Structures are given as C-alpha cells and as structure tokens.
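Going by our numbering, the letters in the sequence shown line up with residues 82 to 337, in that order. Since the structure comes first, as structure tokens, the remarks are kept for the end.
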Amino acid sequence: MEIIFLGTGTSQGIPVIGCSCSVCQSTDPRDNRLRVAVLLRKGNQQIVIDAGPDFRQQMLRARVTDLNAVLLTHEHNDHIIGLDDVRPFIFRQLTPMPIYCDERVAGELRERFAYAFAEDPYPGAPRFELHPTNQKELIQIGDFDIGIIRYLHGRLPIQGYRIGNFAYLTDIKRITDKELEKLDNLQILVISALHHEDHHSHLKLKEALALIKRINPQQAYLTHLSHKMGTHQEVEKLLPKNVCIAYDQLALSLDN
Numbered sequence: 082m083e084i085i086f087l088g089t090g091t092s093q094g095i096p097v098i099g100c101s102c103s104v105c106q107s108t109d110p111r112d113n114r115l116r117v118a119v120l121l122r123k124g125n126q127q128i129v130i131d132a133g134p135d136f137r138q139q140m141l142r143a144r145v146t147d148l149n150a151v152l153l154t155h156e157h158n159d160h161i162i163g164l165d166d167v168r169p170f171i172f173r174q175l176t177p178m179p180i181y182c183d184e185r186v187a188g189e190l191r192e193r194f195a196y197a198f199a200e201d202p203y204p205g206a207p208r209f210e211l212h213p214t215n216q217k218e219l220i221q222i223g224d225f226d227i228g229i230i231r232y233l234h235g236r237l238p239i240q241g242y243r244i245g246n247f248a249y250l251t252d253i254k255r256i257t258d259k260e261l262e263k264l265d266n267l268q269i270l271v272i273s274a275l276h277h278e279d280h281h282s283h284l285k286l287k288e289a290l291a292l293i294k295r296i297n298p299q300q301a302y303l304t305h306l307s308h309k310m311g312t313h314q315e316v317e318k319l320l321p322k323n324v325c326i327a328y329d330q331l332a333l334s335l336d337n
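See below:
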C-alpha cells in the first residue's frame, strides 16, 4: 500500500494569510502545507481520508483520476468542506461517492450538503452514499480492511483508522487504553502535533512524542502542524530517530 500526504497543515494552512513569521515566509517547500488529508493506494484502488477546502488542488497535484471512497475523521470544515469536488469522480464513475463516517458526521453532511441528497437533484449536483460506522470495529472497501480507532478531539468524539500496519490519527487529544490496544505492532503511525504550547483539543509536540513512545511504532510521522511549530528543518532536529515530520506530497510504502 502506498501512502501519499495530500496536506499536513492545520485549518488555516501554511502560509497563513497575512502572516510574516519565519515559517510562513520560508522558501523550503516542506513548510508549505495544505489542509490535512492523506491518499491510500493499493493496486488500482484509491481512497482518501478527509476532504478539506484544498481537496480539488490536492487531487490535481497528486494526479488522481479515480476514487473508490472517502473516509472522514470528523465534521470540522477543514476535513469535509471540499466534498463537493468529488463530482468529477462521480460523473466519471457513474456512481454516488461512498463516504464512511460516524452517524453524527453523516447528519452534518445531510445538512451542509443537502443538495447531494435531494429527491429531485439539480443537474450536476454530487451524490453521496453514506455508510455510518457507529458500532463497527472493521469496515471493508475493496481490498482495504480498515479498523476504526476512536478518540477525543477536545470533547468531540472522532475516529482514526488502521489499515494493516499503518494507522492515521489526526486531531487527537485523548485516547483510552482500550483503543490504544488496537495500535500494537505498527510499521507506520501518522499522528497530529499542533505546536509546542498546551491546546484544549490537540496534542502539543511533547504530548505527541510521549504517545508515540507508548504506542512504539517502527516509524512515526507528525501531521496537522501549525505555523507556530517552527520550520521543518528546525523541528526535525528535536525529534527521536523514529519520528519525522510529514510534508505535503511525501509518499511512503507500507512495506518499505
């Protein structure tokens, strides 16, 4: 399985509009971050986790021509508001786009994208096929066997995913011991780390590193970084050998 980071930034992205800090003004392309999302590819099958406001740009940049499904972590705009741009895939594939998410998130989609569920849809409107994941521990999409990891983003229950020896946990703040048991023997862990200061709904770097140490993957990659974290080059010097900063368009292989 191939893993491609479509975006690794927070809800504002990097550079932040109007900001003149060293990160936003950096000439290192690794410091330019679209909103967080990842593409998973296995053979000729492709799925994405989250579809934020940069979704169209991300699909064009990654040259994605077909998409089998969308997995959503939660309903915040930086994770769902680009869903209208799945239309080219729907038109090409002649089928509604399967979307897997918690029932609460599904309710938000029915409200925010009501036109995608209309009985008499406007010509050219997208069509979504919702698959609520409540009470499920495992879902299957084609050749992808996907485990669901539940945790808290502040006080908001959201979900991450495990596929084989790969796990993706964005926007995480707290996780129970029971859910941590689902993360044994990982080859690759992707986990969010906002910046260096305490935050009510996100792990700061120190907290993320402590959780990585507890999970003990072979390799961990940090995502959902704020411009307050520092430049890629600066922060990499602070990290253990088995932890790296993810950056947009980084591609990994689960078996390499």
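Glycine residues also receive a C-beta, built at the ideal position from the N, C-alpha and C atoms. Treat the numbers as computed from the prediction; the structure is a model and nothing was measured.
Cβ neighbours of Met-310 within its own chain (closer than 8 Å, five residues either side excluded): Val-104, Ala-274, Leu-275, His-276, His-277, Leu-286 and Val-316.
For the options Ile-293, Asn-266, Ala-195 and Ile-230, the alpha carbon positioned closest to that of Pro-207 is the one of Ala-195. The continuous stretches of alpha helix (DSSP H) do not include Ala-332, which lies in the beta strand (DSSP E) extending over residues 332–334. With respect to the C-alpha of Ile-84, the residue from Leu-306, Pro-179, Phe-198 and Asn-246 having the closest C-alpha is Asn-246. If you draw a straight line from the Cα of Arg-168 to the Cα of Leu-319, it is about 42 Å long. Short of 7 Å from the beta carbon of Gly-163, and not among the five residues preceding or following it, lie these beta carbons of its own chain, in chain order: Ala-132, Gly-133, Pro-134, Asp-135, Phe-136 and Arg-137. With 16 or more other Cβ atoms inside 10 Å of its own Cβ, Cys-182 counts as buried. Contact between Asp-147 and Gln-174 holds: their C-beta atoms lie close to 7 Å from each other, under 8 Å. Rounded to whole angstroms, the Cβ separation of Ile-128 and Leu-152 is 6 Å, and the two are in contact under 8 Å. Under the DSSP assignment, Asp-159 falls outside any beta strand (DSSP E), being part of the alpha helix (DSSP H) whose first and last residues are 158–161. Close CB contacts of His-155 within its chain, under the 7 Å cut and outside five residues either way in sequence, are with Val-186, His-234, Leu-237, Ile-239 and Asp-252 (chain order).
Taking the Cα of Glu-262 as reference, the smallest distance to any Cα among Leu-284, Leu-292, Pro-204 and His-281 is reached at Leu-292.
Taking C-alpha positions only, Met-178 is separated from Ile-161 by approximately 14 Å. Shown here, Glu-184 sits in a helix according to DSSP, grouped into three states.
The region 268–337 is shown to contain whole alpha helix (DSSP H) runs of 4 or more residues at 286–296 and 313–317, in chain order.
For Asp-159, the closest alpha carbon among the candidates Tyr-302, Ala-150 and Arg-114 is that of Arg-114. Counting the other CB atoms within 10 Å of its CB gives Leu-264 a total of 16 or more, which places it among the buried residues. In this structure, Leu-250 places its C-beta atom within 9 Å of the C-beta atom of Leu-270. Listed in chain order, the beta strand (DSSP E) elements of length 3 or more contained wholly in the region 131–215 are 150–152, 178–182 and 209–213. Beta-bridge partners assigned by DSSP to Lys-123: Gln-126. With fewer than 16 other Cβ atoms from the protein chains shown falling within 10 Å of its own Cβ, Pro-204 counts as exposed.
Rounded to whole angstroms, the gap between the alpha carbons of Arg-255 and His-283 is 9 Å. By the C-beta density criterion, Thr-89 is buried, having at least 16 other C-beta atoms within 10 angstroms.
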